[in-house]
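Residue numbers (the working numbering): 124 to 600. A short worksheet on the structure shown next.
Take a look at the structure:
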């Protein structure tokens, strides 16, 4: 078993040098690179990084850049590991102020697009692709990722080499893949889901990675590569079901991983009829991220599987605590926040309410413990479970359930061309089947729509509840 992902990469280069490792979209067409070609790019970039360190020895060995799911993400990640530095990707799809604030909290060597052009002007010789490898402590910091901010200000999560490789191994054990598989990545590499479940498992398995972003990227590349594996968020999983299987590259798809939120039984069944197994899982950025995963043998709608290898779990008053090598090292430069989440015995508080399904022993996620709405009669409501069902309806981008002015209110973010009357009808049909709370007399609509640039939506296309309350409902505590 490898102690870091760079060793896994080097093994693929040595054993499968001329096999296709990576496919990206460049110059309006698919661009393939072998493991050997990718290794040459990594070595060239690593040499440039060493030059940067020599020119500015006072700066810490941290490499920051805006991550946009391109070849540069892959090369910089691997080159940073080769020179023994810490990788700090910041999503290019967040607003510039957020990007700058994140980088200001870390500091080091910022790699701009202009710098990358300079890096690409030289080429390494094939016999030098393993040169200048720095010794790596498995427990040392490898990566800083930023939390999605669903419950407040984003924090820098510091993950070790050990966490990254062990979590990828655990996910791969739950959902195996082989060198003949083609894995399409449409999730952001600046976030933990794609980093482990796409990038990490790719390096360990030696399959072909197809790197793109979102629905537009899927539409652009999938028909060319015909993926066998993919991870998506629920909105994309539902959108793909309405597309033609052949033209959208779905004809060879056999495993569809889904995270960020749950899928309905209807969605599961529709994918099953296409011969595709839906794998749901659960985790946090702070846990590498995978805590639980279904396997191809036991997917069940509404459940997220059993804990993957390497975890201890403890449920206290409905709240999930976990312990193991997958837990982050710390929040970057924030010891107080770290101590609030990881106790002296190493238990990490996820902040999520869960229950164990009696028959399957898989976990069911009820929602965030700090999002629970307690009505005056003492009845508890888990907004996320209701919002997830509403979000699957046509014309609705997002929904948010809040308690305001002594009443429950359902707020909707809808598509511009959506029919308000049809939405009202479909929402009430869903709510009529849920007797746990009173159906509101009137639905409310966000205007202007929720904005990712305003921090109201995360990279996983979920709502940032605290930011929406701050921006839209400042009177609510």
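Virtual Cβ for every residue (Gly too), placed ideally from N, Cα, C.
Rounded to the nearest angstrom, what separates residue 105 and residue 528 at their Cα positions?
Outside the shown range of the chain (124 to 600) lies residue 105, about which nothing can therefore be said.
In whole angstroms, give me the CA-to-CA distance for residue 542 and residue 509.
As a position in the chain shown, residue 542 is number 419, starting the count at 1. As a position in the chain shown, residue 509 is number 386, starting the count at 1. Cα to Cα, residue 542 sits roughly 21 Å from residue 509.
Can you check the segment 137-212 for any alpha helix (DSSP H) of at least 4 residues that lies completely inside it and give the ranges in chain order?
Restricting attention to alpha helix (DSSP H) runs no shorter than 4 residues, the segment 137-212 encloses them at 158-178 and 194-205, ordered along the chain.
Using three-state DSSP, classify residue 534 as helix, strand or coil.
Position 411 of the chain shown, counted from the start, is the residue given in the question as residue 534. In the structure shown, residue 534 sits in a strand (DSSP, three-state: E or B).
For residue 315, count neighbouring C-beta atoms within 10 Å of its own C-beta (all shown protein chains included) and say buried if the count is 16 or more, exposed if not.
Locating residue 315 in the chain shown gives position 192, where the first residue counts as 1. With 16 or more other Cβ atoms within 10 Å, it is buried.
Pairs of beta-carbons, one from the segment 386-393 and one from the segment 359-369, closer than 8 Å: are there three or more?
yes
Burial state of residue 178 (16 or more Cβ within 10 Å):
As a first step, residue 178 must be located in the chain shown, where it is residue number 55. Exposed is the call here.
Which listed residue (581, 506, 597 and 537) has its alpha carbon closest to that of residue 554
Residue numbering aside, residue 554 sits at position 431 when the chain shown is read from its first letter. If we check each option's Cα against that of residue 554, 506 comes out closest.
I want to check one thing, is the minimum distance from the CB of residue 585 to the heavy atoms of the ligand SAH below 7 Å?
The ligand SAH is not among the ligands present in this structure, which contains no ligands whatsoever.
Helix, strand or coil at residue 473 according to DSSP, with G and I counted as helix
Walking along the chain shown from the start, residue 473 turns up at place 350. Three-state DSSP puts residue 473 in a strand.
Could you name the residues that DSSP lists as bridge partners for residue 444?
Taking the first residue of the chain shown as position 1, residue 444 is located at position 321. According to DSSP, which records beta bridges pairwise, residue 444 is partnered with 437 and 472.
Spell out a yes or no on whether the segment 350-360 and the segment 291-308 are touching, meaning 3 or more CB-CB pairs, one atom from each, closer than 8 Å.
yes
For the alpha helix (DSSP H) containing residue 513, name the first residue and the last one.
Along the chain shown, read from residue 1 onward, the residue named residue 513 stands at position 390. Run containing residue 513: 506-514, per the alpha helix (DSSP H) assignment.
Restricting to Cα atoms, I'd like to know which of 520, 445 and 157 is closest to residue 474.
Along the chain shown, one-based indexing puts residue 474 at 351. If we check each option's Cα against that of residue 474, 445 comes out closest.
Output yes if chain B places a C-beta closer than 8 Å to the C-beta of residue 320; else output no.
Of the protein chains in this structure there is only one, and it is not chain B.
Outcome for residue 347 when other beta-carbon atoms lying within 10 angstroms are tallied against a minimum of 16
Translated into positions along the chain shown, residue 347 becomes position 224. The residue is exposed, with fewer than 16 neighbouring Cβ atoms inside 10 Å.
Is the beta carbon of residue 172 less than 8 Å from the beta carbon of residue 288?
Here residue 172 refers to the residue found at position 49 of the chain shown. Here residue 288 refers to the residue found at position 165 of the chain shown. Their beta carbons are not under 8 Å apart, which means residue 172 does not touch residue 288 by this criterion.
Please identify the residue among 547, 331, 458 and 188 whose C-alpha is closest to the C-alpha of residue 156.
Start at 1 with the first residue of the chain shown, and residue 156 comes out as number 33. Measuring from the Cα of residue 156, the nearest candidate turns out to be 331.
Provide the residue(s) that pair with residue 568 in DSSP beta bridges, ordered along the chain.
Position 445 of the chain shown, counted from the start, is the residue given in the question as residue 568. Note: residue 568 sits in a beta bridge opposite 535.
First and last residue of the uninterrupted alpha helix (DSSP H) at residue 403
Here residue 403 corresponds to residue number 280 of the chain shown, with the count starting at 1. It is not in any alpha helix (DSSP H) - residue 403 instead sits in the beta strand (DSSP E) that spans 400-406.
Taking one C-beta from the segment 144-151 and one from the segment 209-227 each time, how about it: are there three or more such pairs within less than 8 Å?
no
Within the continuous alpha helix (DSSP H) that includes residue 348, where are the two ends?
The residue you call residue 348 lines up with position 225 of the chain shown. Residues 337-348.
Quick one: grab the DSSP three-state call for residue 125.
Residue mapping note: residue 125 aligns to position 2 of the chain shown, counting from 1. Looking at residue 125 - three-state DSSP - the assignment turns out to be coil, as it is neither helix nor strand.
Could you please give me the residues that DSSP links to residue 232 through a beta bridge?
Taking the first residue of the chain shown as position 1, residue 232 is located at position 109. Paired residue(s): 186.
Any contact between the segment 319-326 and the segment 395-415? By contact I mean 3 or more CB pairs, one from each, below 8 Å.
Yes, since at least three Cβ pairs between the segment 319-326 and the segment 395-415 fall closer than 8 Å, the two stretches touch.
Neighbourhood of residue 368 by C-beta, 6 Å cutoff - its chain only, sequence neighbours within 5 removed:
Position 245 of the chain shown, counted from the start, is the residue given in the question as residue 368. So the qualifying residues of the chain are 374.
What is the DSSP secondary structure of residue 546, counted as helix, strand or coil?
As a first step, residue 546 is located in the chain shown; it is residue number 423 there, counting from the start. Helix, per DSSP.
Could you give the residue range of the beta strand (DSSP E) that holds residue 381?
Here residue 381 is taken as the residue at index 258 of the chain shown, counted from 1. For residue 381, the enclosing beta strand (DSSP E) starts and ends at 378-381.
Three or more beta-carbon pairs under 8 Å between the segment 182-198 and the segment 234-243, yes or no?
yes
Would you tell me roughly how many angstroms separate the C-alpha atoms of residue 440 and residue 328, rounded to the nearest one?
As a first step, residue 440 is located in the chain shown; it is residue number 317 there, counting from the start. As a first step, residue 328 is located in the chain shown; it is residue number 205 there, counting from the start. Cα to Cα, residue 440 sits roughly 39 Å from residue 328.
Can you name the start and end residues of the beta strand (DSSP E) that residue 267 belongs to?
Counted from its first residue, the chain shown places residue 267 at position 144. First-last of the beta strand (DSSP E) with residue 267: 264-269.
I need the straight-line Cα distance from residue 227 to residue 404, nearest angstrom please.
Position 104 of the chain shown, counted from the first residue, corresponds to residue 227. Position 281 of the chain shown, counted from the first residue, corresponds to residue 404. Taking the straight line joining both Cα atoms gives about 33 Å.
Rounded to whole angstroms, what's the CA-CA distance from residue 581 to residue 217? Just pull it up for me.
Translated into the one-based positions of the chain shown, residue 581 becomes position 458. Translated into the one-based positions of the chain shown, residue 217 becomes position 94. Cα to Cα, the separation comes out at about 9 Å.
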